[in-house]
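Protein chains: 2
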Amino acid sequence: MQKQIRRLTRQRQVILEELKKTRSHPTADELYEMVRRRIPNISLATVYRNLEILSGCGLIKKLETAGSQKRFDANIENHQHIRCVKCGRVDDLYCDSVNPLDCVAGENFDYEIIDYRLEFIGLCPECRLKQKNKKSS
Amino acid sequence: MQKQIRRLTRQRQVILEELKKTRSHPTADELYEMVRRRIPNISLATVYRNLEILSGCGLIKKLETAGSQKRFDANIENHQHIRCVKCGRVDDLYCDSVNPLDCVAGENFDYEIIDYRLEFIGLCPECRLKQKNKKSS
DNA sequence: CTCACTGCAAACATTTTGCACCGTT
DNA sequence: AACGGTGCAAAATGTTTGCAGTGAG
């Protein structure tokens, strides 16, 4: 299903470079603006397409963070995020605990923490079953 | 900013009732379908508007879960969620730890857990400052 | 009479898709 | 020539808004 990358086009390369350059977690259109400074006639669709492909390859991560726009991250290490309710900004957080005081938070810990969300991701009973049946056939 | 509720209209009431009735965490249009069985000519806009108002009042919760559609929950107790990667279904989870084994998970624990996301929500340094300045003026 | 609320349609925001063309192999 | 990739425009998706009308207080 997932297409193989055959070519590292200039567009793809610049998108990846720009995403790696920043520590913010840009949305597709923010990244589009960044990339446009280097490739003025690139189209937003290309940015979306490449973000999809790059995250499909595991070269970047699509953030599963709340908010109406998807955000992307070139830091594929396992880490968590802290999001500002007001402005939507997203910062990194290295953390193994639900207690924010245990977190290694770089310079960002002037955040005033209001809440946290812990969301597990998995396969529900029904989908596990379907998958099992598929495998055994 | 937040409007006061003056009337508990039939629409509002039925929306709230239907949301309370289910343990799934319906999206606006799922809820629209549920409500439509009782008020056939209700409009989707009304559902959206009321969900916004009800969550503004704290009568329901807007889930800050990943995914392209917003989901709503009439269970306003503090609890977490588990989401199926395949079908998008969202179940409740009572949990104080990042370790899923510590979770009180009702009957849902046939989930196969793949990952978790911990997202803190707060006020970033800049927004804290802005807010402080506003208060002191 | 007022005003919160409604349904409807249009607007809006974000993301995806169809298509013709282009460039590498 | 094949085919992955591109730009552009259109479509699709999810949500919000403008507006005229309605009904409870």
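Protein chains in written order, with our numbering: chain A, 1 to 137; chain B, 138 to 274. Even for Gly, the Cβ is constructed at its ideal location relative to N, Cα and C.
Asked                                                                                                                              : Found
Three-pair Cβ contact test at 8 Å for the stretch 209–223 of chain B versus the stretch 159–169 of chain B                         : yes
CA nearest to the CA of arginine 265/B, picked from Ala45/A, Pro26/A, Asn50/A and Cys84/A                                          : Cys84/A
Glutamine 80/A, buried or exposed, once every other Cβ within 10 Å from all chains shown has been counted against 16               : buried
Leucine 181/B: first and last residue of the uninterrupted alpha helix (DSSP H) it sits in                                         : 181–193
Neighbour flag for arginine 49/A against chain B, beta carbons, 8 Å                                                                : no
CA-to-CA distance, lysine 223/B to glutamate 64/A, given in whole angstroms                                                        : 15 Å
Simplified DSSP assignment, three categories, for glutamate 167/B                                                                  : helix
Serine 205/B to serine 68/A span [Cα, whole Å]                                                                                     : 7 Å
Min CB distance leucine 44/A to chain B below 8 Å                                                                                  : no
Rounded separation between valine 90/A and histidine 25/A - CA only                                                                : 6 Å
Cut-off 8 Å between Cβ atoms - residues of its own chain near tyrosine 185/B, not counting five sequence neighbours on either side : Ala165
Range covered by the beta strand (DSSP E) that runs through valine 85/A                                                            : From DSSP, valine 85/A is part of no beta strand (DSSP E); its letter is neither H nor E.
Given 8 Å, three or more beta-carbon pairs between the stretch 187–201 of chain B and the stretch 144–158 of chain B               : yes
Alpha-carbon spacing of asparagine 178/B relative to isoleucine 190/B, whole angstroms                                             : 20 Å
Residues in the stretch 200–213 of chain B having any Cβ partner in chain A nearer than 7 Å                                        : Glu201, Thr202 and Ala203
Assigned secondary structure, glutamine 131/A (DSSP; H/G/I helix, E/B strand, else coil)                                           : helix
Minimum C-alpha distance to isoleucine 113/A - residue among Glu249/B, Tyr248/B, Asp247/B and Cys261/B                             : Cys261/B
Test: aspartate 115/A CB closer than 8 Å to a CB of chain B                                                                        : yes
Interface flag, tyrosine 32/A vs chain B, CB-CB below 8 Å                                                                          : no
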